[in-house]
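**Student:** Provided herewith is a single structure, encoded as structure tokens, for subsequent inquiry.
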Amino acid sequence: GNQRGYLIEYDNVTNRLRALFSEAGTSNISVPGTVLGAPSAGTLYHMVFVYDAVARLARFYINGVLQSTVASSIGIFDNTADFFIGAFQTGTFGNLDGRVARAAVWKRALSAADIAEHYNGGFGKRFVSFSPGLVVGLEAVWDLTELTGSRADSVGANTLTATGTPLCAQGPFGNTLTDVNTVTANT
14 GNQRGYLIEY DNVTNRLRAL FSEAGTSNIS VPGTVLGAPS AGTLYHMVFV
64 YDAVARLARF YINGVLQSTV ASSIGIFDNT ADFFIGAFQT GTFGNLDGRV
114 ARAAVWKRAL SAADIAEHYN GGFGKRFVSF SPGLVVGLEA VWDLTELTGS
164 RADSVGANTL TATGTPLCAQ GPFGNTLTDV NTVTANT
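Just add 13 to the spot in the sequence shown (first one is 1) and you have the numbering used here.
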């Protein structure tokens, strides 16, 4: 379709995690997870895609480590499609076969220091623990450990609605993590 913006996915051809973004809405530019190598099943990863509109650079971090940087000539396409977590689009195509604990969106490019703080040595940080600097430009935060129903936004009004029947399982520190969790919000 012509509504592509950005996504993070597992590429089964290269056996790597990667971020993708589109400048025109019709094709993708890959920002590969080259440093990590092949991901391991059953392992929790902290993944961050950053687009710096001023520098026109896309950066992809896994577990607080910069994986790769890709230059952009015109920026990310400003699409009107729904926002998904755990799926590529409506339906069964591209659904995540995994778990998502939390998701967040900022309206600014995060620095390497911001990402290191958020990663927190592998423990992650919940919204209530963010420093004042990390809250700057924060648009939405979703704790996806709810067993059923919609996912409330901790900072705004961007409530996510479950599509299909997301499953839950025990996660780190006793929290539940959603499995094949496809949630959408109108943007």
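The beta-carbon is built from N, C-alpha and C at its ideal position, and this holds for glycine as well. The model shown is predicted, which means the values in this text are computed figures rather than measured ones.
Tell me, to the nearest whole angstrom, how far the beta carbon of V203 is from that of V113; I am working on the premise that it is less than 8 Å.
**Tutor:** The question about residue 203 has no answer here: the residues shown for the chain are numbered 14 through 200.
**Student:** Can you name the start and end residues of the alpha helix (DSSP H) that I128 belongs to?
**Tutor:** A125 to Y132
**Student:** Can you list, in chain order, the stretches of the beta strand (DSSP E) that have 3 or more residues and sit fully within the stretch 50 to 77?
**Tutor:** 60 to 65 and 70 to 75
**Student:** For S43, which of helix, strand or coil comes out of DSSP?
**Tutor:** strand
**Student:** By how many angstroms is the C-alpha of I75 removed from the C-alpha of D24?
**Tutor:** 15 Å
**Student:** What do you get for V149, buried or exposed, if any count of 16 or more other CB atoms within 10 angstroms of its CB means buried?
**Tutor:** By the 10 Å Cβ count, V149 comes out exposed.
**Student:** In three-state terms, what does DSSP make of F96?
**Tutor:** strand
**Student:** Using CA coordinates, which residue listed in V44, T174, L157 and V141 is at the minimum distance from S35?
**Tutor:** Nearest of V44, T174, L157 and V141 to S35, Cα basis: V44.
**Student:** Please report the straight-line C-alpha distance between A170 and A116, rounded to a whole angstrom.
**Tutor:** Between A170 and A116, the C-alpha separation is close to 15 Å.
**Student:** Just curious, the alpha helix (DSSP H) that L147 is in, first and last residue?
**Tutor:** P145 to V148
**Student:** Considering only their Cβ atoms, is the gap separating A32 from A71 smaller than 8 Å?
**Tutor:** yes
**Student:** Which one or two residues does DSSP pair with I21 in a beta bridge?
**Tutor:** A32
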